[in-house]
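Structure representation (structure tokens):
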């Protein structure tokens, strides 16, 4: 049954305790969001400024997530999460103090919410990547769904509660509640214990790690398709959340409580979407689930534009919440299960940059359109964008889970250097010689095209395929890596899916011996002294 699969991660005490702690923090964040949006609505009549409250909280994720992803792959994720939560707690306390003192202005509100967003940008890749450290791989989809459900469970209560708090005591009270809510999550992370990470190889620096992340993404078509669809969905779907405060106030002539109730309806739908997610995945391919998410949200936006009455708006918001979770949780799970552990933090950072970048840009755009043409027009255009996003599946199809086996092979270099090679020595050139029959050349070239993608994705540079002019059956694959440690990393990154290509190429090799592998250290100039002398006989043992 799908439901037990969805709830299975709760059998893991570590995940369960941290999930419960996160709900308190989620509740506080949503209460703070209601307070910030409503406070901005009271301080200015500009729809754009109100929409920028959401942008200021999501823009940092697009700007800083990549650095955060590199840190999550290189450093202790638990410490990163603690640092991020402590920073957000400090900024939230400052926001509450400023609000109680009466010093809050529109731009100061945006600045402080931007800083809170910076903390979230640092926190999210480490937290998302830690899911796979806490639960087994087969429970990752359920854990991602439960995280989405937990957030939206808080969304179903938090906005209404936030609206009541703002109506009764003002935005400053909402900011105070949010500051207090961080304590539970901080304590939960302090108690978090996850398995030690394999640190056989030295840590990558932040800049090289970011470069490796870019290379991996550029050479991973499945991930690029997910990023493109996430950006489209974020851009189109941001209209409802960005404009809902002014829609509740102006179009529906409501109060802060009305806005909170509307967000609560969105949250209720999101909970239903999370619970139905496993059933949808069991019945439909991932691409069909994504198309349903796009089309359903488009329908909800169209209803808000054309039928601004409670009996239509409330079910439309429930539908929008369900489709929100169906799409975004599936994008997240696809990234988690389509990326090896060594680069997962960076892949999740790219995903968040795409999704939240779309949200930030969309929120700004819908606010401007609403200022110029009205809220109904903005919702109508966003519905059209979402329909286009559903049709984009013809080009940017989201892959199904399990299409590739990303289990690492655990390869290490079989070479035993006979010279005094340091970890940073390099660059290292690698040449692999094959003997290929003429009849097998077309198949060999097709396989080598895939081999090139794998090599470059995993850190190789200047890959080339050479053919011997005098012995045309001899082909040489050549590439280099910057250092000897980078060569070790390159080998360690090979997965079982990659090994299928390697074995297919080996099957075409016609030589009596296996393909010959030659490793050389490059010298572009002639040094005056030998900087890598042969090892002493005692060192060769």
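In the numbering used here, the protein residues as written are 103 to 643. Cβ atoms here follow ideal geometry from the backbone N, Cα and C, with glycine treated the same way.
Nearest neighbour of residue i, chosen from the options [CA to CA]
i, options, result
"residue 183", "110, 168, 227 and 535", "227"
"residue 531", "562, 545 and 546", "562"
"residue 191", "175, 221, 163 and 173", "221"
"residue 499", "572, 580, 330 and 375", "330"
"residue 510", "444, 490, 449 and 385", "444"
"residue 285", "493, 612, 488 and 130", "130"
"residue 309", "472, 173 and 613", "173"
"residue 654", "393, 307 and 201", "It is not possible to answer for residue 654, since the shown part of the chain is limited to 103 through 643."
"residue 362", "132, 125, 596 and 620", "132"
"residue 318", "176, 196, 414 and 442", "442"
"residue 197", "148, 280, 187 and 180", "280"
"residue 375", "354, 399 and 364", "399"
"residue 141", "388, 215, 418 and 518", "215"
"residue 486", "397, 316, 380 and 553", "397"
"residue 344", "488, 573, 154 and 316", "154"
"residue 293", "250, 501, 305 and 180", "180"
"residue 241", "114, 139, 165 and 148", "114"
"residue 118", "187, 244, 415 and 199", "244"
"residue 534", "249, 614, 412 and 568", "568"
"residue 230", "384, 419, 436 and 213", "436"
"residue 416", "395, 404, 447 and 368", "368"
The alpha helix (DSSP H) enclosing residue i, as first and last residue numbers
i, result
"residue 287", "273–292"
"residue 619", "Taken as a continuous stretch (DSSP letters only), residue 619 belongs to no alpha helix (DSSP H), being part of the beta strand (DSSP E) at 618–623."
"residue 497", "No alpha helix (DSSP H) holds residue 497; DSSP gives it neither H nor E."
"residue 119", "115–145"
"residue 187", "179–203"
"residue 455", "446–475"
"residue 391", "388–408"
"residue 421", "412–439"
"residue 208", "208–236"
"residue 354", "Neither: residue 354 is in no alpha helix (DSSP H) and is coded neither H nor E."
Per-residue burial, residue i [other beta carbons within 10 Å of its own, 16 or more giving buried]
i, result
"residue 247", "buried"
"residue 541", "exposed"
"residue 477", "buried"
"residue 239", "exposed"
"residue 433", "buried"
"residue 205", "exposed"
"residue 426", "buried"
"residue 194", "buried"
"residue 340", "buried"
"residue 233", "buried"
"residue 103", "For residue 103, the predicted structure reports a pLDDT of 40, less than 50, and the residue's modelled location is therefore unreliable. The matter cannot be settled from this model."
"residue 127", "buried"
"residue 450", "buried"
"residue 207", "exposed"
Beta-bridge pairing of residue i - partner residues as DSSP gives them
i, result
"residue 578", "535 and 568"
"residue 510", "597"
"residue 563", "582"
"residue 592", "Residue 592 pairs with nothing; no bridge assigned."
"residue 611", "538"
"residue 342", "Looking at the DSSP assignment, residue 342 forms no beta bridge with any residue, so it has no partner."
"residue 530", "583 and 623"
Contact under 8 Å by Cβ, residue i with residue j
i, j, result
"residue 402", "residue 430", "no"
"residue 157", "residue 462", "yes"
"residue 267", "residue 275", "yes"
"residue 550", "residue 575", "no"
"residue 480", "residue 468", "yes"
"residue 324", "residue 440", "yes"
"residue 595", "residue 321", "no"
"residue 455", "residue 203", "no"
"residue 552", "residue 603", "yes"
Distance cut-off 7 Å: residue i Cβ against heavy atoms of the ligand GTP
i, result
"residue 295", "The ligand GTP is absent from the structure shown, which contains no ligands of any kind."
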